[in-house]
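Only one structure is covered here, and it is reproduced in the block below.
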Amino acid sequence: QLNARGYSPVEFTNVLFQELGAESGVARAGEQGRIVVRRALAADADTWVDTAVEGWSEFLEYADEMRALSRVTMARSEGRAYLALLDGEPIGTGSLSIVNDVALLAGAATIPRARRQGAQLALLHARLRDAVEAGCTVAMMCARPGSASQRNAERHGFRIAYTRIKWGKR
-14 QLNARGYSPV
-4 EFTNVLFQEL
6 GAESGVARAG
16 EQGRIVVRRA
26 LAADADTWVD
36 TAVEGWSEFL
46 EYADEMRALS
56 RVTMARSEGR
66 AYLALLDGEP
76 IGTGSLSIVN
86 DVALLAGAAT
96 IPRARRQGAQ
106 LALLHARLRD
116 AVEAGCTVAM
126 MCARPGSASQ
136 RNAERHGFRI
146 AYTRIKWGKR
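To convert, note that position 5 of the sequence shown is -10 in this note's numbering; the numbers rise steadily by one, no gaps.
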């Protein structure tokens, strides 16, 4: 019926979850070598936005949307933004939103030249630690099916809850 009305699937996303608690191993994990993760401050807004956009640069068709969405992420008072730094230079971003006892991890991006060095794992650990400290009992995130993000999440305790389909008008 959706196809008959001019809609078609535009995105498949796996929604993943992990139960959290003080005993959660990933919540106690330390820093990842030379990569340090810290909360982004208001003064870091331009750096966070530029790093996030560069991290998503392989999706050029979404560049303007990513810049606008990244600015919203940095401006939200209820959200938390994180920067991953390698030798003091920003190489990755992530965000955390908490509603009741559920943590939503989003905004994960690493600039292309700094990939495969542990930035996403360091961001994952930092956000999960903060979620546990805030009393969250479950964390969730989304990833493209079969992506490196999904594999990394599953290696660190996340499991697929379901696959969602986004539909768009043709």
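Think of the CB as a built atom: it goes at the ideal place given N, C-alpha and C, for glycine as much as any other residue.
With distances taken Cα to Cα, identify the nearest neighbour of residue i among the options.
{"i": "residue 117", "options": "75, 97, 89, 103", "result": "89"}
{"i": "residue 25", "options": "43, 135, 87, 92", "result": "92"}
{"i": "residue 43", "options": "27, 100, 141, 61", "result": "100"}
{"i": "residue 27", "options": "54, 61, 135", "result": "61"}
Would the beta-carbon of residue i fall within 7 angstroms of that of residue j?
{"i": "residue 69", "j": "residue 77", "result": "yes"}
{"i": "residue 95", "j": "residue 104", "result": "yes"}
{"i": "residue 19", "j": "residue 71", "result": "yes"}
{"i": "residue 6", "j": "residue 155", "result": "no"}
{"i": "residue 158", "j": "residue 32", "result": "Shown here, the chain extends from -14 to 155; a query on residue 158 therefore has no answer."}
Skipping 5 residues on each side, what residues in its chain have a beta carbon closer than 6 angstroms to that of residue i?
{"i": "residue 82", "result": "64, 89"}
{"i": "residue 151", "result": "-5, -4"}
{"i": "residue 22", "result": "67, 69, 107, 108, 111"}
Kindly indicate if chain C contains any beta-carbon less than 7 angstroms away from that of residue i.
{"i": "residue 57", "result": "Given the protein chain composition of this structure (a single chain), no chain C is represented."}
Taking 8 angstroms as the limit between beta carbons, can you name the residues of its chain near residue i, skipping five residues before and five after?
{"i": "residue -11", "result": "none"}
{"i": "residue 86", "result": "120, 121, 122, 123"}
{"i": "residue 188", "result": "In this structure the chain extends from -14 to 155, so residue 188 is not present and cannot be described."}
Got a sec? Which residues, its chain only, sit under 7 angstroms from residue i by beta carbon, not counting five neighbours each side?
{"i": "residue 51", "result": "37, 38, 41"}
{"i": "residue 138", "result": "1, 126, 128"}
{"i": "residue 58", "result": "64, 66, 80, 92"}
{"i": "residue 29", "result": "68"}
Can you tell me which residues form a DSSP beta bridge with residue i?
{"i": "residue -6", "result": "152"}
{"i": "residue 74", "result": "71"}
{"i": "residue -1", "result": "128, 148"}
{"i": "residue 83", "result": "88"}
Mind the definition here: the segment 141 to 152 touches the segment -9 to 5 only if three or more C-beta pairs lie below 8 angstroms; say whether that holds. yes
May I ask you to verify whether the segment 105 to 125 touches the segment 29 to 36, counting CB pairs closer than 8 angstroms and requiring at least 3? Below 8 angstroms, too few C-beta pairs join the segment 105 to 125 and the segment 29 to 36 to call them touching: fewer than three.
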